[in-house]
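These protein sequences, in sequence, are chains A and B. Numbering-wise (the numbering used here), the first sequence opens with residue 309 and increments by one. Numbering-wise (the numbering used here), the second sequence opens with residue 14 and increments by one. Backbone N, C-alpha and C define an ideal beta-carbon position, used for all residues, glycine too.
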Amino acid sequence: MTAIFCHDLSKSYGHYQVLDGISLTIQEGECFALFGPNGAGKTTLLKILATLLRPSEGHYEILGLDGLKEKEAIRANIMFLAHGAHLYDDLNAKENLEFALALRGLSPTQHEIKLALDRVTIGAFAEMKVRNYSAGMKKRLALAKAMLVKPKVLLLDEPFAALDTAGTEIMREYIRERLSEHSAVLMSTHDREKARPISSRAGMLRQGTLQEISIEALHSDDLF
Amino acid sequence: MTFFNVIRWIVWKDLVIELRSRETMSSMVFFALIVIFIFSFSFSMDQQAAREVIAGIIWVAFAFTGIIGLGKSFSTELQNDCLEALQMVPESKGAIYLGKVVANFLFIFVVEILLFPMFVIFFNLDVVEEISILLLIFFLATVGLSAVGTLFSALTVQIRAREVMLPILLLPMVIPVMIAAVEATKGALNGDPLTMYSQWLELLAIFDVIFTVVSFWLFEFVMDN
Numbered sequence: 309m310t311a312i313f314c315h316d317l318s319k320s321y322g323h324y325q326v327l328d329g330i331s332l333t334i335q336e337g338e339c340f341a342l343f344g345p346n347g348a349g350k351t352t353l354l355k356i357l358a359t360l361l362r363p364s365e366g367h368y369e370i371l372g373l374d375g376l377k378e379k380e381a382i383r384a385n386i387m388f389l390a391h392g393a394h395l396y397d398d399l400n401a402k403e404n405l406e407f408a409l410a411l412r413g414l415s416p417t418q419h420e421i422k423l424a425l426d427r428v429t430i431g432a433f434a435e436m437k438v439r440n441y442s443a444g445m446k447k448r449l450a451l452a453k454a455m456l457v458k459p460k461v462l463l464l465d466e467p468f469a470a471l472d473t474a475g476t477e478i479m480r481e482y483i484r485e486r487l488s489e490h491s492a493v494l495m496s497t498h499d500r501e502k503a504r505p506i507s508s509r510a511g512m513l514r515q516g517t518l519q520e521i522s523i524e525a526l527h528s529d530d531l532f
Numbered sequence: 014m015t016f017f018n019v020i021r022w023i024v025w026k027d028l029v030i031e032l033r034s035r036e037t038m039s040s041m042v043f044f045a046l047i048v049i050f051i052f053s054f055s056f057s058m059d060q061q062a063a064r065e066v067i068a069g070i071i072w073v074a075f076a077f078t079g080i081i082g083l084g085k086s087f088s089t090e091l092q093n094d095c096l097e098a099l100q101m102v103p104e105s106k107g108a109i110y111l112g113k114v115v116a117n118f119l120f121i122f123v124v125e126i127l128l129f130p131m132f133v134i135f136f137n138l139d140v141v142e143e144i145s146i147l148l149l150i151f152f153l154a155t156v157g158l159s160a161v162g163t164l165f166s167a168l169t170v171q172i173r174a175r176e177v178m179l180p181i182l183l184l185p186m187v188i189p190v191m192i193a194a195v196e197a198t199k200g201a202l203n204g205d206p207l208t209m210y211s212q213w214l215e216l217l218a219i220f221d222v223i224f225t226v227v228s229f230w231l232f233e234f235v236m237d238n
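Below, the structure written as structure tokens:
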């Protein structure tokens with residue numbers, strides 16, 4: 309089944325065209341790695357698919373749901389791991405998870421929360437305010453949130469940024485797990501080496517247009 | 014059920030963050046104290062004269078104090094892009110709105126309750142017999158201020174000059190609340206019979222209902238755009 313479908317998506321801010329006719333189809337169980345230079349429009353595309361931005365033109369569907377008309381249903385099925393991590397500095401890790409999941413209508417047990425925090429290896433800091441977390445720890449906490457949500461579509465903006473080697477492996481392990489459960493993953497990244505082992509397809513976004521590239525091309529420096 | 018849970022969790026989150034940071038209420042109390050000190054030293058008058066103008070002074074202090082709290086309501090959501098997470102909640106945005114209204118109401122109302130004794134002391138007011146009606150006036154006016162203020166706080170949060178824009182947009186909208194609150198407060202402080210100023214309480218109640226309903230529906234549009 310098609311998880312992500314977009315046709316001729318465009319987004320412009322005034323005279324500046326960020327996305328220009330993006331068409332993309334991602335099936336369940338596929339991981340699409342989105343590459344491109346800074347300012348190419350990767351985050352804009354992810355935010356449109358996360359229902360945070362309205363495209364200037366074009367049409368998109370998530371799990372067969374219309375992106376412009378069925379936002380609530382889409383939001384219940386997707387998870388967007390953004391740069392900002394969506395965490396409150398004055399809440400601790402457990403509270404942040406409880407709050408974020410409650411807004412999605414989920415109520416994980418304390419045991420499930422502990423397991424998720426332990427899995428991303430920040431269980432020892434569960435009671436610490438997020439204000440005192442490093443960027444990598446915040447990323448891990450955001451990942452723990454995604455683990456508890458188990459979304460059908462996972463949108464990842466620079467998932468490996470700020471993560472150390474162990475954190476990167478935890479992230480990849482989680483992505484593999486979602487793929488094995490037939491979730492679709494779309495991730496923007498600059499890191500070919502980290503993305504290649506988990507990506508089934510890849511694309512290059514340049515000047516607002518998307519060109520699909522082979523996984524083998526990720527070995528080559530010509531495109532990058 | 015999720016709708017009411019979202020309201021409950023938004024209120025819980027805002028209260029916990031405020032109890033830990035004390036950023037919003039401390040700045041509200043500090044500002045209001047300055048207003049009280051300035052006015053109390055500016056006016057040297059007898060108790061009767063004070064009763065004529067004190068209602069206006071009280072609501073100037075409460076309105077601007079409330080605006081400080083309302084301004085922070087959504088600006089705290091900008092940290093770590095938490096506003097995006099609220100936008101992505103798979104539930105009617107009205108639940109987020111009502112949660113924010115309740116939290117904002119609590120902050121403003123608590124500050125009003127803390128500050129009112131200062132007015133009594135500095136302006137030598139005798140309010141023992143009118144305290145219950147005064148609390149009702151504060152309650153109704155604060156609901157109105159919170160209902161409209163929460164919407165405008167969300168509307169201006171992404172604007173660079175939001176600290177300036179919020180009062181510019183909000184104050185004209187809450188003029189009916191302020192006028193009704195001042196008139197009702199004046200009547201209560203003067204010891205007038207309730208029937209002489211009950212129309213102002215009715216106006217406050219009507220304003221609360223209309224603007225809460227309208228803001229509830231508009232909030233979805235504000236959050237999605």
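The Cβ atoms of Asn117 (chain B) and Ser159 (chain B) lie closer than 9 angstroms to each other. Ala443 (chain A) counts as exposed, since fewer than 16 other beta carbons sit within 10 angstroms of its beta carbon. The beta-carbon separation of Leu127 (chain B) and Val42 (chain B), rounded to 6 angstroms, stays under the 8 angstroms limit for a contact. Residue B:Leu168 holds the alpha-carbon nearest to the alpha-carbon of Leu179 (chain B) among B:Ser34, B:Leu168, B:Pro189. In this structure, Phe135 (chain B) and Ile49 (chain B) form a Cβ contact; the two beta carbons are roughly 6 angstroms apart against a cut-off of 8 angstroms. DSSP places Leu149 (chain B) inside the alpha helix (DSSP H), whose first and last residues are 144–169. In the structure shown, Arg35 (chain B) adopts coil according to DSSP, grouped into three states. In the structure shown, Ala492 (chain A) falls within a strand segment according to DSSP collapsed to helix, strand and coil. Checking the DSSP bridge columns, you'll see Tyr368 (chain A) partnered with A:Cys314. Closer than 9 angstroms to the CB of Lys355 (chain A) there is at least one CB belonging to chain B. Within its own chain, the residues whose Cβ lies closer than 6 angstroms to the Cβ of Phe340 (chain A), once the five positions on either side in sequence are excluded, are Ile334, Leu494, Arg509, listed in chain order. Trp22 (chain B) counts as buried, since no fewer than 16 other beta carbons sit within 10 angstroms of its beta carbon. Residues of chain A with a Cβ closer than 8 angstroms to the Cβ of Ala98 (chain B) are, in chain order, His394, Ala408, Leu411. In terms of beta-carbon proximity, Val326 (chain A) stays away from the interface with chain B, with every pair separated by 9 angstroms or more. With contacts defined by Cβ atoms closer than 9 angstroms, Leu414 (chain A) and Lys26 (chain B) do not form a contacting pair. Taken in chain order, the whole beta strand (DSSP E) runs of length 3 or more contained in the stretch 317–367 of chain A are 324–335, 339–343. In the structure shown, Leu138 (chain B) adopts coil according to DSSP, grouped into three states. At least one C-beta of chain B is nearer than 9 angstroms to the C-beta of Thr359 (chain A). Annotation: Ile192 (chain B) to Phe229 (chain B) spans about 23 angstroms, alpha carbon to alpha carbon.
Annotated as proximal: Val461 (chain A) and Ile386 (chain A), with beta-carbon spacing under 9 angstroms. Taken atom to atom, the span from the alpha-carbon of Lys199 (chain B) to that of Glu380 (chain A) is near 47 angstroms. Rounded to whole angstroms, the gap between the alpha carbons of His527 (chain A) and Glu176 (chain B) is 50 angstroms.
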